[in-house]
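Here's the structure, in structure tokens; my notes come after.
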Amino acid sequence: RVEHTGTITWTPCLNGAVQCATLGVPLDPAHPDGDQISLALARRPASGKRVGVLLTNPGGPGASGVQFLEDADVAFRPEILRRFDIVSWDPRGVGASAPIRCMDNLDAFFAVNRSPESAAAVAQNVSVAREFAASCKQHSGRELEDVATSDTVHDMDAIRAAIGEARISYMGFSYGTYLGARYADAYPQHVRTMVLDGAIDPSVSYTASTIAQAKGFEQVLDGFFAWCRENTRCGFARGGDPRDAYDRLQLAVAAEPAPATVHGEARTLGPGEFDIGVANALYAGQPGFGTLADALVETARGSGDRMLALADDYTQRQPGGKYSNLTAAFYATSCLDGPAPRTVADVQRLADLASRAAPHFGASSAWLGLPCTFWPVPPRDKPAAVHAAGAPPLLVVGTLDDPATPYVWATSLASQLRSGHLLTFEGDGHTAYGRGSSCIDDAVDGYLVNAKLPPDGTRCPAP
293 RVEHTGTITW
303 TPCLNGAVQC
313 ATLGVPLDPA
323 HPDGDQISLA
333 LARRPASGKR
343 VGVLLTNPGG
353 PGASGVQFLE
363 DADVAFRPEI
373 LRRFDIVSWD
383 PRGVGASAPI
393 RCMDNLDAFF
403 AVNRSPESAA
413 AVAQNVSVAR
423 EFAASCKQHS
433 GRELEDVATS
443 DTVHDMDAIR
453 AAIGEARISY
463 MGFSYGTYLG
473 ARYADAYPQH
483 VRTMVLDGAI
493 DPSVSYTAST
503 IAQAKGFEQV
513 LDGFFAWCRE
523 NTRCGFARGG
533 DPRDAYDRLQ
543 LAVAAEPAPA
553 TVHGEARTLG
563 PGEFDIGVAN
573 ALYAGQPGFG
583 TLADALVETA
593 RGSGDRMLAL
603 ADDYTQRQPG
613 GKYSNLTAAF
623 YATSCLDGPA
633 PRTVADVQRL
643 ADLASRAAPH
653 FGASSAWLGL
663 PCTFWPVPPR
673 DKPAAVHAAG
683 APPLLVVGTL
693 DDPATPYVWA
703 TSLASQLRSG
713 HLLTFEGDGH
723 TAYGRGSSCI
733 DDAVDGYLVN
743 AKLPPDGTRC
753 PAP
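Following this note's numbering, the numbering of the sequence shown begins with 293 at its first residue and continues without gaps.
In structure tokens, the structure reads:
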């Protein structure tokens, strides 16, 4: 059944509960009569008495909002599904919205050791980063100039206008909080309510952000080691010290990649993929500790199957060496959004600094950013506080032990926003909504539906 809202035509798609549409927007928002690109949109219509539109973004940069709505039943509680038309989209450069294209096979890019201890290892990092950046220029060209967050903020308001809503509610997760905060800053009059869960601090420098995120993952890894010492569920380093065993295993994989089979393909688990697999498990906090322990046990026995599967899940690798465009879009947007280190020597200095703060994740966090040092388009933006003056009260949600978006970023964003209110989840893992805390979920749902905030500074215990 075809439906219309404003100037958008929705048709059934995906699992039948979701409708899809496209919207043309200017490639360069500063030249509205110039080249156009097409954005892919998805909508889950309200099943009950409708409050309005809830625009949502799952994070990234690079994550598909259209795919996110396929799992709306998991992502949102029934009350939100009843009361809102939930709308998401693939941001420009992502998924089905004029996707940025780089090289198809990223196996070599992700396998490299991003804790290089020799000139040869540094040279290997430089080689894969240069090759990746050059491939993006070759395959995407002009569009690389127009996929900054500021461009997507313009698109968000174009979506709002095309739907025909004077004001919209918004819920952003992780990078989606940066989009939301920037939108509220640019278009405060068009915001009804806004939830920013797993908040990014827009004022933090590249260096400070890299170190803070590395420390966040380090903190959760320390929690895993403590859990592993005390929990019989952990089979890794049983009877020994899990930290020492982890360090030995990490060095062993760096020295000789472990054989692995994933989806019937015979491959190897390299040091870069080992780090990514570990980080992917840590995103879940304690609920992911068992998964991580099992992968470490198997790797220690000489098989990298589980750890490589964790890495593939994070990088969205498909059988045969094809990858989604998540990585391409991530770098294309990130490299425009702020100045990265200008030279390899600068990256080395950042890696050394980050390693002192986070021994297991500092170096890899710094060297993973190396493509931005060679990016073919200069950065267009720089870190700056966001105030959203004139916007209604905005709800910022922070998790105490969030590895990817440290809690201090949530407190900082809430204080920057003229009408920011902080809600704290005293748990771990990345983001808080929908992770088992009725205190968090009730507060968020009540605010979205009734525009009534929980008391500022409310703290919700882990379930």
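Idealized CB from N, CA, C, for every residue including glycine.
Sequence-distant residues of its chain with Cβ nearer than 7 Å to Ser657 (five each side left out): What you label residue 657 is simply residue 365 of the sequence shown in a count that begins at 1. Correct list, in chain order: Thr502, Gln505, Ala506, Ala646.
In its own chain, which residues sit with a C-beta less than 7 Å from the C-beta of Arg634, not counting the 5 before and 5 after it? Indexing the sequence shown from 1 puts residue 634 at position 342. Result list for Arg634: Thr665, in chain order.
So, helix, strand or coil for Gln311, using DSSP? The residue you call residue 311 lines up with position 19 of the sequence shown. Correct three-state label for Gln311: strand.
Looking only at its own chain, which residues have a Cβ that is under 7 Å from the Cβ of Ala601, when we skip the five neighbours before and after it? Start at 1 with the first residue of the sequence shown, and residue 601 comes out as number 309. Only Val554 meet the Cβ criterion.
Would you check if the stretch 445-458 and the stretch 418-433 touch, i.e. whether three or more CB-CB distances between them fall below 8 Å? no
I'd like to know whether the C-beta atoms of Thr756 and Thr697 end up nearer to each other than 9 Å. With the chain represented from 293 up to 755, any question about residue 756 goes unanswered, as that position is not in the structure.
Hey, how far is the Cα of Cys394 from the Cα of Ala620? If you number the sequence shown from 1, residue 394 lands on position 102. If you number the sequence shown from 1, residue 620 lands on position 328. The straight-line gap from Cα to Cα measures roughly 6 Å.
How about Ala655 and Arg374: are their beta carbons less than 9 Å apart? Against the sequence shown, residue 655 aligns to sequence position 363. Against the sequence shown, residue 374 aligns to sequence position 82. It is not a contact, given that the beta carbons lie outside the stated cut-off.
Could you pull out every residue in the same chain whose Cβ sits closer than 8 Å to the Cβ of Leu692, ignoring the five residues on either side in sequence? Residue mapping note: residue 692 aligns to position 400 of the sequence shown, counting from 1. Taken in chain order, the residues that qualify are Tyr699, Thr716, Phe717, Glu718, Gly719, Asp720.
Paired residues, beta bridge with Gln610 - DSSP: Along the sequence shown, read from residue 1 onward, the residue named residue 610 stands at position 318. DSSP output for Gln610 lists Lys614 as bridge partner(s).
Run the CB neighbour count on Val689, radius 10 Å, all protein chains shown included, and call it buried at 16 or more, exposed below. As a first step, residue 689 must be located in the sequence shown, where it is residue number 397. With 16 or more other Cβ atoms within 10 Å, it is buried.
Just to confirm, are Ala403 and Pro563 a CB contact at a threshold of 9 Å? Counting from 1 along the sequence shown, the entry for residue 403 is found at position 111. Counting from 1 along the sequence shown, the entry for residue 563 is found at position 271. Yes, these two residues count as a Cβ contact at 9 Å.
Where Gln311 falls, given that 16 or more other Cβ within 10 Å makes a residue buried: Translated into positions along the sequence shown, residue 311 becomes position 19. Gln311 should be labelled buried.
To the nearest angstrom, report how far apart Cys520 and Gly594 are at their CA atoms. Against the sequence shown, residue 520 aligns to sequence position 228. Against the sequence shown, residue 594 aligns to sequence position 302. Distance between the alpha carbons of Cys520 and Gly594 is about 20 Å.
Can you find the residues in the same chain that come closer than 6 Å, C-beta to C-beta, to Gly316, ignoring five residues on each side of it along the sequence? Position 24 of the sequence shown, counted from the first residue, corresponds to residue 316. Here the set comprises Gln328, Ser330.
To the nearest angstrom, report how far apart Pro675 and Gly532 are at their CA atoms. In the sequence shown, counting from the first residue as 1, residue 675 sits at position 383. In the sequence shown, counting from the first residue as 1, residue 532 sits at position 240. Rounded to whole angstroms, Pro675 to Gly532 spans 44 Å at the Cα level.
Can you say whether Ala415 is buried or exposed, counting buried as having 16 or more other CB atoms within 10 angstroms of its CB? Taking the first residue of the sequence shown as 1, we reach residue 415 at position 123. Ala415 is exposed by the Cβ-count criterion.
Exposed or buried, what is Val366 when buried is set at 16 or more other beta-carbons lying within 10 Å of its beta-carbon? Working through the sequence shown from its first residue, we reach residue 366 at position 74. Exposed is the call here.
Just how far apart, CA to CA, sit Gly630 and Val439? On the sequence shown, position 338 is the one that residue 630 refers to. On the sequence shown, position 147 is the one that residue 439 refers to. Cα to Cα, the separation comes out at about 13 Å.
Throw me the rounded Cβ distance for the Gly298 and Ile455 pair, which I believe falls under 8 Å. Position 6 of the sequence shown, counted from the first residue, corresponds to residue 298. Position 163 of the sequence shown, counted from the first residue, corresponds to residue 455. The pair is a contact, with the Cβ atoms about 5 Å apart (cut-off 8 Å).
Which two residues bound the contiguous alpha helix (DSSP H) that contains Ala649? Here residue 649 corresponds to residue number 357 of the sequence shown, with the count starting at 1. Looking at the DSSP string, the run of the alpha helix (DSSP H) that includes Ala649 is 636-649.
contact_flag[the stretch 349-362, the stretch 457-472] where n(CB pairs < 8 Å) is 3 or more: yes
Looking at Phe376 and Leu687, is the spacing between their C-beta atoms short of 9 Å? Locating residue 687 in the sequence shown gives position 395, where the first residue counts as 1. Locating residue 376 in the sequence shown gives position 84, where the first residue counts as 1. Against a cut-off of 9 Å, the Cβ pair of Phe376 and Leu687 comes out as no contact.
Collapsed DSSP secondary structure at Arg751 in the structure displayed: To locate residue 751, count along the sequence shown from 1; it is residue 459. Residue state, collapsed to three classes: strand.
Work out the CA separation of Arg710 and Ile732 for me, nearest whole Å. Here residue 732 refers to the residue found at position 440 of the sequence shown. Here residue 710 refers to the residue found at position 418 of the sequence shown. If I take the Cα positions, the gap works out to 22 Å.
Look at the Cβ atom of Leu574, then the Cβ atom of Leu584, and state whether they are nearer than 9 Å. Against the sequence shown, residue 574 aligns to sequence position 282. Against the sequence shown, residue 584 aligns to sequence position 292. In contact: Leu574 and Leu584 (Cβ atoms closer than 9 Å).
Please report the residue range of the beta strand (DSSP E) in which Arg484 lies. Numbered from its first residue, the sequence shown carries residue 484 at position 192. Segment 483-489, the beta strand (DSSP E) holding Arg484.
Once you ignore the five residues that flank Leu361 on each side, which residues in its own chain have a CB closer than 6 Å to its CB? To locate residue 361, count along the sequence shown from 1; it is residue 69. Excluding sequence neighbours, Leu361 sits near Val310, Ala334, Arg336, Ser380.
Among Ala754, Ala702, Leu714, Pro755, whose alpha-carbon lies nearest the alpha-carbon of Ser495? By one-based count along the sequence shown, residue 495 stands at place 203. If we check each option's Cα against that of Ser495, Ala702 comes out closest.
Could you check what DSSP says for Ser657 in three-state terms: helix, strand or coil? Stepping through the sequence shown from its first residue, residue 657 is reached at position 365. Helix at Ser657.
Go through the stretch 315-366 residue by residue and report every complete run of the beta strand (DSSP E) that reaches 3 residues or more, in order. 328-336, 344-349
Proximal residues to Leu728 (C-beta, below 6 Å), its chain only, five neighbours per side dropped: Taking the first residue of the sequence shown as position 1, residue 728 is located at position 436. Reading off the sequence, residue 728 comes out as Gly, not Leu. Pro755.
Taking the beta carbon of Thr485 as the centre, do at least 16 other beta carbons fall within 10 Å, making it buried, or is it exposed? By 1-based counting over the sequence shown, the position of residue 485 is 193. So Thr485 counts as buried.
Taking only heavy atoms of the ligand SAM into account, decide whether any of them is closer than 8 Å to the Cβ of Thr607. The ligand SAM is not part of the structure shown, which contains no ligands of any sort.
Check the C-beta distance from Thr587 over to Gly613 and give it rounded, since I have them as a contact under 8 Å. Against the sequence shown, residue 587 aligns to sequence position 295. Against the sequence shown, residue 613 aligns to sequence position 321. Just to set this straight, residue 587 is Ala in the shown sequence, not Thr. About 21 Å separates the two Cβ atoms, so there is no contact after all.
Are there 16 or more other CB atoms within 10 angstroms of the CB of Asn617, so buried, or fewer, so exposed? Residue mapping note: residue 617 aligns to position 325 of the sequence shown, counting from 1. Counting Cβ neighbours within 10 Å, Asn617 comes out buried, since at least 16 surround it.
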